[in-house]
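Heads up: the sequence lines are chains L and C, in that order. For the first sequence, position 229 matches number 229 in our numbering, and the numbering has no gaps at all. For the second sequence, position 59 matches number 384 in our numbering, and the numbering has no gaps at all. Right, one structure below, let's go through it.
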Amino acid sequence: MRITQVNTIAAIKVVFVGLVLAGQPAYAQEPDPRDWLQKMTSAVQTANYEGTVIRIQDGLVDALKVMHFVSDGVVCEKVIIQEGKDLEIIRNGNEVRFIMPERKSVLVEEWDDKSTLFSTLPSSEIRFGNEYDVSIVRKERIAGHKTIMLAIRPHDSFRYGHRIWLDIATGFPLQTKLLDEHGEIIEQVKFADITFNAEIDASDIQPSIDIGGFRWYAKPQRTAASEVVSDWVSDNLPPGFRVTSTRGERISGSDDPVTHMMLSDGLASVSVFVEPGKDKKEAAGRSRVGASNAFSVASGDFRVTAVGEVPAATVEQIARSMHPR
Amino acid sequence: MQISAFVDGELPENEAELLLRRMSQDLDLRQRAAEYFAIGRALRGQRSVAGLDALRGRVSAAIDDKSIHSDIDGIKTAAGRYVRPLAGFAIAASVALAAILGLQQLAEVPGVESDPAAPVVAAEVEDGSYTVPELIYFERHNRLSSESGNNNFGARLVTVQMRDDEILGNDLEEIDPPDDATEERQTP
């Protein structure tokens, strides 16, 4: 049921974006950068490719081998982490298998989202209001391909900026940079090499190693999340952010239901979790994972946590601004 | 020298291109680049996270040794009420907490190698309190934002790497290998 709802919402969003774009004036000589973003959206969802991705973040450099193809509308992917602990991730439609050779284990999960492992921007709705400008900057060569560089610049310090290099031929993003409020690069993802329309089939996304004798694990089914009406509101959200969904769910290990609100400014998203927590009411603190920041604060007998790919000050303002109606 | 220029953003685009290609094939080169990035952060006075990664890697590697659990429990006790009775994510949360408590000491321990594949986890507390948002919130945010069409590559990768901790927990059930895996084994 939930998948159907998500697909319906996604379809509405696509139609909405299409209508908005249809309303844009057409300049034959000056292509609208939003046309390129539409092209990127399509390319990410339909392109078949294999290549090597370099990710630089916080001074750490990761390399990943990736194969991706779509067969009869089913996304198939294989990712091999090139260093550190051995790890292969194989996705066949909604089923994702994490193969961990060192533990001789395979973890099976269902991902009911439609994103790919390597899309670095929203793949459906990109709604730029007053919070961002988008522009074409210049042309460059990336991974041997001619690209056009787009800049998505925020108007304030509540959100990150993006630079995207799109393959001119396909619209596929070959390089992305995420910039903080000071213009410093937070994360850079770049294809060192890529081959489009590579001949990949199901046999290519089999495990690279013999997994005979491995132990297989799965997560037990949890109570499904459901849409709820929350009494929690904010009267001081950063400009442009609005609540897009509110769900009740249970987080692993907790007996208490958690209210999970999703906020978006059209590009960046922030989750707000509200949970009972008398034993945590004195606490406040922040943490960071990659480009994502989180801030927790007590509000009465509840604990409010905001998490998102936005600056630390943004999640802090959001978390501190939440209160019961 | 070329890596240094690259890290400083001063390498011409074509040379950076070649260097990235070499990095994709060369683990040593990637590690050297990571070291330069760490040096750059230190020079700029930024908080280093290499120690956090190193500690996380150490704890994760030693996790099969049951004695580590008592160490973590000790930290939990010292920290008071921070750790809920999480199941699968108990390890991840505990490691994050251990990293916080151990950051200062670890930064001064020579010879500790970082784990470049470990997710970057930086955390701090304010006003002497101890609660830090747990990793599971990042995972839940990433999952829901992906379902609605948004995605963040870094967050997704972190989610993936967290699975390595998760498999140690009690929140998973062991299952029989699916038929296709059995067929794979039988195929020479």
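For every residue, glycine included, the Cβ atom is placed at its ideal position computed from N, Cα and C.
Work out the CA separation of R286 (chain L) and F302 (chain L) for me, nearest whole Å. The residue given as residue 302 (chain L) occupies position 302 in the first sequence. The residue given as residue 286 (chain L) occupies position 286 in the first sequence. Going from the Cα of F302 (chain L) to the Cα of R286 (chain L) covers about 17 Å.
Using a C-beta to C-beta distance shorter than 8 Å, which residues of chain L count as neighbours of D501 (chain C)? Counted from its first residue, the second sequence places residue 501 (chain C) at position 176. The contact set of D501 (chain C) on chain L, defined by CB atoms closer than 8 Å, consists of W216 in chain order.
By a C-beta neighbour count over all protein chains shown, 10 Å radius and 16 as the cutoff for buried, is N197 (chain L) buried or exposed? Your numbering for residue 197 (chain L) matches position 197 in the first sequence. Looking at its Cβ environment, which holds fewer than 16 other Cβ atoms inside 10 Å, N197 (chain L) is exposed.
Proximity test, Cβ basis, 7 Å: A43 (chain L) and chain C: Translated into positions along the first sequence, residue 43 (chain L) becomes position 43. No, A43 (chain L) lies away from the interface with chain C (no Cβ there is under 7 Å from its Cβ).
Any idea if D501 (chain C) is buried or exposed, counting beta-carbon neighbours within 10 angstroms, 16 or more meaning buried? Translated into the one-based positions of the second sequence, residue 501 (chain C) becomes position 176. With fewer than 16 Cβ atoms within 10 Å of its Cβ, D501 (chain C) is classed as exposed.
In the DSSP assignment, the beta strand (DSSP E) including E297 (chain L) goes from what residue to what residue? Reading the first sequence from its first residue, position 297 is the one you call residue 297 (chain L). Residue identity differs from the one stated: residue 297 (chain L) is Val in this sequence, not Glu. Looking at the DSSP string, the run of the beta strand (DSSP E) that includes V297 (chain L) is S292 to S299.
Per DSSP, the bridge partner or partners of V66 (chain L): Locating residue 66 (chain L) in the first sequence gives position 66, where the first residue counts as 1. Beta-bridge pairing links V66 (chain L) to L:G51 and L:V79.
Neighbour list for E340 (chain C) in chain L, Cβ cutoff strictly below 9 Å: As a first step, residue 340 (chain C) is located in the second sequence; it is residue number 15 there, counting from the start. Ordered by position in chain L, no residue passes the 9 Å Cβ test against E340 (chain C), which lies about 13 Å from the chain.
How would you label S395 (chain C), buried or exposed, when you count the other beta carbons within 10 angstroms and need 16 or more for buried? The sequence position of residue 395 (chain C) within the second sequence is 70, counting from 1. For S395 (chain C), the predicted structure reports a pLDDT of 28, less than 50, and the residue's modelled location is therefore unreliable. The matter cannot be settled from this model.
Residue-chain proximity (V75 (chain L), chain C), Cβ-Cβ < 7 Å: Along the first sequence, one-based indexing puts residue 75 (chain L) at 75. No, V75 (chain L) does not count as interfacial toward chain C.
Buried or exposed: L237 (chain L), going by 16 or more other Cβ atoms within 10 Å of its Cβ? In the first sequence, residue 237 (chain L) corresponds to position 237, counting from 1. Buried.
Is the stretch 39 to 48 of chain L touching the stretch 57 to 72 of chain L, taking contact as three or more C-beta pairs under 8 Å? In short, these stretches touch, since the Cβ pair count reaches three.
According to DSSP, simplified to helix, strand and coil, what is F463 (chain C)? Taking the first residue of the second sequence as position 1, residue 463 (chain C) is located at position 138. Here F463 (chain C) sits in helix by DSSP.
From this set, L:I318, L:L37 and L:R91, which residue's C-alpha is nearest V261 (chain L)'s C-alpha? As a first step, residue 261 (chain L) must be located in the first sequence, where it is residue number 261. It is worth fixing the name first, because residue 261 (chain L) is Met in this sequence and not Val. With distances taken between Cα atoms, M261 (chain L) lies closest to L:I318.
For V258 (chain L), which option in L:W232, L:W216 and L:H162 has the closest C-alpha, if you only look at C-alpha atoms? Within the first sequence, numbered from 1, the residue matching residue 258 (chain L) stands at position 258. Closest option to V258 (chain L), Cα to Cα, is L:W232.
DSSP puts Q175 (chain L) in a beta bridge; with which residues? Within the first sequence, the letter at position 175 stands for residue 175 (chain L). Beta-bridge pairing links Q175 (chain L) to L:W165 and L:K190.
Quick one: what does DSSP say S157 (chain L) is sitting in, helix, strand or coil? Here residue 157 (chain L) corresponds to residue number 157 of the first sequence, with the count starting at 1. When DSSP states are grouped into helix, strand and coil, S157 (chain L) belongs to the coil group.
What's the gap between the Cα of I461 (chain C) and the Cα of T314 (chain L)? Position 136 of the second sequence, counted from the start, is the residue given in the question as residue 461 (chain C). Position 314 of the first sequence, counted from the start, is the residue given in the question as residue 314 (chain L). Roughly 20 Å separates the two Cα atoms.
Sheet register partners of K104 (chain L) (DSSP bridge): Position 104 of the first sequence, counted from the first residue, corresponds to residue 104 (chain L). Paired residues: none, contrary to the question.
Could you check which residue in L:Q206, L:S245, L:L37 and L:V66 has the C-alpha nearest to that of S135 (chain L)? Counting from one through the first sequence, the residue named residue 135 (chain L) turns up at place 135. Of the candidates L:Q206, L:S245, L:L37 and L:V66, the one whose C-alpha sits nearest the C-alpha of S135 (chain L) is L:L37.
What did DSSP end up calling E316 (chain L) once you bin it into helix, strand or coil? Working through the first sequence from its first residue, we reach residue 316 (chain L) at position 316. Residue state, collapsed to three classes: helix.
Cβ of D210 (chain L) within 7 Å of Cβ of F241 (chain L)? Start at 1 with the first residue of the first sequence, and residue 210 (chain L) comes out as number 210. Start at 1 with the first residue of the first sequence, and residue 241 (chain L) comes out as number 241. No, they are not a contact pair.
Which residues mark the beginning and the end of the beta strand (DSSP E) in which L263 (chain L) is found? If you number the first sequence from 1, residue 263 (chain L) lands on position 263. Per DSSP, L263 (chain L) belongs to the beta strand (DSSP E) from P257 to S264.
Cβ contact check for the stretch 202 to 218 of chain L and the stretch 145 to 158 of chain L: 3 or more pairs under 8 Å: no
Name the one or two DSSP bridge partners that G183 (chain L) has. The sequence position of residue 183 (chain L) within the first sequence is 183, counting from 1. Answer by DSSP bridge pairing: none, since G183 (chain L) is not bridged.
Is there at least one Cβ from chain C nearer than 7 Å to S271 (chain L)'s Cβ? Stepping through the first sequence from its first residue, residue 271 (chain L) is reached at position 271. Output row for S271 (chain L): interface = yes.
Determine the burial state of L263 (chain L): buried for a count of at least 16 other Cβ atoms within 10 Å of its Cβ, exposed for fewer. On the first sequence, residue 263 (chain L) is found 263 positions in, with the first residue counted as 1. Classification for L263 (chain L): buried.
Mapping the DSSP letters down to three states, classify L150 (chain L) as helix, strand or coil. On the first sequence, residue 150 (chain L) is found 150 positions in, with the first residue counted as 1. L150 (chain L) falls in the strand class under three-state DSSP.
Is there a Cβ from chain L that is less than 7 Å from the Cβ of L343 (chain C)? The residue labelled residue 343 (chain C) in the question sits at position 18 within the second sequence. Not an interface residue.
Per DSSP, which residues does L60 (chain L) bridge with? Please list them. By one-based count along the first sequence, residue 60 (chain L) stands at place 60. Partner(s): L:Q57.
Beta-carbon within less than 6 Å of V304 (chain L)'s beta-carbon, same chain only, minus the 5 sequence neighbours each way: which residues are those? Start at 1 with the first residue of the first sequence, and residue 304 (chain L) comes out as number 304. If we look at V304 (chain L) and ignore the five residues flanking it on each side, its Cβ neighbours are V274, V297, A319 and M322.
Got a sec: is the Cβ-Cβ distance from D353 (chain C) to anything in chain L below 7 Å? By one-based count along the second sequence, residue 353 (chain C) stands at place 28. D353 (chain C) does not count as touching chain L.
Classify A294 (chain L): buried if its beta carbon has 16 or more other beta carbons within 10 angstroms, exposed otherwise. For the purposes of this step, residue 294 (chain L) is taken as residue 294 along the first sequence, with counting starting at 1. Buried, because 16 or more other Cβ atoms sit within 10 Å of the Cβ of A294 (chain L).
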